[in-house]
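All remarks here apply to the structure that follows.
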Amino acid sequence: MKFTGRITLLLISIMVSIIESFSEPTTIWSILEAILFAAIAAFLGWVYDNAIYYKNKAEISESRLSNLLKLSPEPIMVYQDEKIVFVNDKFEELVDSSSGDILGKSIYHFVLPEYHPTVRQRFNDMILGNKSFDRVEIKIISSNHNILDIEISSAPILYNDKPAIEVFLRDVTKRNKLSEEVRKNTELYRFITENTTDLISFLNPNGEYEYLSPSSKDLLDFYPEEMIGKNLSEFLHPGEIEKVIALLLEADEELDFAAFSHRTKKKDGSYMWMETNARTIRKNSRKLEGIVAVSRDITERLEKEERLHEANVMLRYISNMDGLTGIPNRRYFDEKLQEEWKRLKRNSSPFSAIMIDIDFFKKYNDFNGHQAGDECLRLIASVLKNTVRRAGDFAARYGGEEFVILLPETDAQGAVHVAELLQANVRDLNIPYLSNVLEPIVSISIGCSTLIPDERTKPEELIKLADKELYKAKESRRNQLIFNQLSHLA
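Written out as structure tokens, the structure reads:
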């Protein structure tokens, strides 16, 4: 008998130790409720049976039973004649009182009033001989005024040769608090997933959907159950499958997180642009359990970004162009000069510039009016655009009636050839002066220069040389072309 009792208590202690080693609350309490109470029930039954046995043998005593009950790893008390007649050390710890302050008091001193009927009914059943190990949950208050959630199971025994009730207690306050937090979190999660406009999904390690929020219907016109069990790749744009899979694999191996934009197929076969934030879910072993993802429709945002980009391109175009002539302005020319100079300096290639001025334009403008002057500028600009057509060549309005042309990778001979074409094409316009000037039609004067960019020379030097030659052309008989005969040898 004594050997059996030790084995029972040993099993209980082992059960408690094993259960406390689990990390997940749901596992702890499911095992605790399924196994521990069965063992404790056996223990209580053993105590009861031993009491009857020793009573019949006239060998039981209060001290013997007390010693047995003190071995319990959980709080125990004995209730007899409407008062507590025994408690073990664990019970004292539970209510934060010594046995001297507990013994002789009613159990209702510790039980909250709303649970008195439950306890009273249970004890009445015990007294009437309805042996029971069923659990019931109540609330008690300790001496330091802490409210505790307690599960009790009870059984009738003989204590000091008189009927009594043995009560086994277990503090479930932490478990209930955790369960309540889990419940609240579950409700919050359910509320978020059911009401968010984003698509929340969970993929298993094979990339198959195991969960999708109801928003899949609004976004993709698929009910969640239509996508669950299918692979992510079935809903990606064919041109983006490899990219998305690579990003998810990278998150799996290194980052645990990935953010990317992609197109997702809708039920009608069209595609929606979505932005997805994905995070890997792992256990302690770092083994991949799955991927949780939050995706949102960014179609409208991308459309706005595209419109903004187009607007910025247009603004830049407008800011770079001369409003009157429709060719690049001085600001854009300055940028282009620096850009081409750096490029040609790396290649040690020749760089030519042509400066152009409309002869007697002020007189033409004063005599014919500003509208005619503006039209003359537009016609000259059109000649520049139509003459300088090689990729990389650049024509701009330099200011007033002056224009400039950049000819990358062009030597002096090539620059002179272009300048001669310009003069001929302007003459072909046959724009009459209609004023008292030397020439019957509008003509242009041209200055050319050529340099090979290097570290010693600044790009502005190229323009200064061309402008110097232009000045010489205008100081002579106008309608002239003069090029720097030394600059191209540099």
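Residues in the sequence shown are numbered consecutively from 1, following full-length UniProt numbering.
All residues carry an ideal CB built from backbone N, CA and C; glycine is no exception.
This structure is a prediction, so every number in the text was calculated from the model and none was measured.
Just curious, the beta strand (DSSP E) that residue i is in, first and last residue?
| i | result |
| --- | --- |
| Tyr223 | Premise fails: Tyr223 is in no beta strand (DSSP E) and is neither H nor E. |
| Thr118 | Not the beta strand (DSSP E): Thr118 falls in the alpha helix (DSSP H), residues 116-127. |
| Ser261 | 257-265 |
| Lys83 | 83-87 |
| Lys139 | 136-141 |
For the alpha helix (DSSP H) holding residue i, just list the boundary residues, first then last.
| i | result |
| --- | --- |
| Glu420 | 412-429 |
| Met314 | 299-320 |
| Pro459 | 459-475 |
| Phe483 | Where Phe483 is concerned, there is no enclosing alpha helix (DSSP H), although the beta strand (DSSP E) it sits in stretches over 481-483. |
| Tyr79 | Looking at the DSSP string, Tyr79 is not in any alpha helix (DSSP H); the run it does join, the beta strand (DSSP E), is 76-80. |
| Tyr332 | 330-347 |
| Asn386 | 370-387 |
| Lys243 | 241-250 |
| Asp101 | 99-102 |
Could you pull out every residue in the same chain whose Cβ sits closer than 6 Å to the Cβ of residue i, ignoring the five residues on either side in sequence?
| i | result |
| --- | --- |
| Val294 | Asp198, Ile200, Asn277 |
| Thr26 | Caution is warranted here: a pLDDT of 46 is assigned to Thr26, below 50, making its placement in the model unreliable, and the coordinate value is therefore given only provisionally. Answer for Thr26: no residue qualifies. |
| Ala58 | Here Ala58 scores only 38 on pLDDT, less than 50, and its place in the model is too uncertain to base an answer on. |
| Ser449 | Ala353, Leu462, Leu465, Ala466, Asn484, Ser487 |
| Gly373 | Asn365 |
| Lys472 | Ile482 |
| Ser270 | none |
| Thr173 | Leu148, Asp149 |
Look up residue i in the DSSP assignment and give the residues it is bridged to.
| i | result |
| --- | --- |
| Asn231 | Glu208 |
| Asp171 | Ile150 |
| Pro156 | Ile165 |
| Tyr398 | According to DSSP, Tyr398 bridges with nothing at all. |
| Ala293 | Ser201, Ala278 |
| Asn440 | According to the sequence provided, residue 440 is Pro. The question's Asn does not apply to it. Per DSSP, none; premise fails for Pro440. |
| Ile358 | Ile444 |
| Leu406 | Ala353, Phe394 |
| Val111 | Ile140 |
| Thr450 | Ser352 |
| Leu288 | Arg282 |
| Tyr364 | According to DSSP, which records beta bridges pairwise, Tyr364 is partnered with nothing at all. |
| Pro432 | Ile441 |
| Tyr189 | DSSP lists no partner for Tyr189. |
| Leu236 | Thr264 |
For my contact list, residue i and residue j are in at a C-beta cut-off of 8 Å; report their separation, rounded to the angstrom.
| i | j | result |
| --- | --- | --- |
| Glu409 | Pro459 | That belief does not hold up - the Cβ atoms of Glu409 and Pro459 are roughly 15 Å apart, past 8 Å. |
| Arg190 | Ser154 | About 38 Å separates the two Cβ atoms, so there is no contact after all. |
| Glu166 | Ile157 | 5 Å |
| Arg427 | Ile441 | 7 Å |
| Val85 | Leu71 | Not really, about 18 Å apart at Cβ, beyond 8 Å. |
| Phe168 | Glu74 | 6 Å |
| Leu384 | Ile463 | With a Cβ gap of about 16 Å, Leu384 and Ile463 do not count as contacting. |
| Lys265 | Phe235 | 5 Å |
| Ser213 | Glu194 | 7 Å |
| Ser261 | Glu275 | 5 Å |
| Phe361 | Glu401 | 4 Å |
| Thr387 | Asn430 | 16 Å between Cβ atoms; not a contact. |
| Asp334 | Ser443 | No, Asp334 and Ser443 are not in contact; Cβ-Cβ is about 28 Å, not under 8 Å. |
| Lys105 | Lys83 | 6 Å |
I'd like the list of long-range same chain contacts for residue i, defined as Cβ closer than 7 Å, with 5 residues on each side in sequence excluded.
| i | result |
| --- | --- |
| Thr325 | Leu377, Arg378, Ala381, Arg397 |
| Leu470 | Met355, Asp357, Ser445, Ile446, Gly447 |
| Lys474 | Asp357, Ser445 |
| Asn329 | Asn320, Met321, Asp322, Ala396, Arg397 |
| Gln80 | Tyr159, Lys162, Ala164 |
| Thr118 | Val136, Ile138 |
| Asn258 | It should be pointed out that residue 258 corresponds to Ala in this sequence rather than to Asn. The answer, listed in chain order, is Leu247, Leu248, Glu250, Ala251, Ala278. |
| His309 | none |
| Asn176 | Asp149 |
| Trp29 | Its pLDDT being 47, under 50, Trp29 is placed unreliably by the model, and the measurement read from it follows with that caveat. These residues qualify, in order along the chain: Arg175. |
| Glu24 | Because the pLDDT of Glu24 is 47, which lies under 50, any placement of that residue in the model is unreliable, and the question is left without a value. |
| Thr299 | Met272, Trp273 |
| Ser476 | none |
| Glu340 | Phe351, Leu406, Pro408 |
Skipping 5 residues on each side, what residues in its chain have a beta carbon closer than 8 Å to that of residue i?
| i | result |
| --- | --- |
| Gly290 | Phe202, Leu203, Asn204, Pro205, Glu210, Thr280, Ile281 |
| His116 | Tyr108 |
| Ile127 | Pro156, Pro163, Ile165 |
| Asn312 | none |
| Gly414 | Ser352, Leu407 |
Discussion item. For the region 340-347 against the region 451-458, do three or more pairs of beta-carbon atoms, one drawn from each stretch, fall closer than 8 Å, so that the two count as touching?
Written reply: yes
Worksheet item: Any chance the region 413-428 sits against the region 471-483, with 3 or more Cβ pairs inside 8 Å?
Response: yes
Discussion item. With a threshold of 8 Å, are at least 3 pairs of Cβ atoms found where one atom belongs to the region 92-107 and the other to the region 132-147?
Written reply: yes
Discussion item. Any contact between the region 304-319 and the region 214-222? By contact I mean 3 or more CB pairs, one from each, below 8 Å.
Written reply: no
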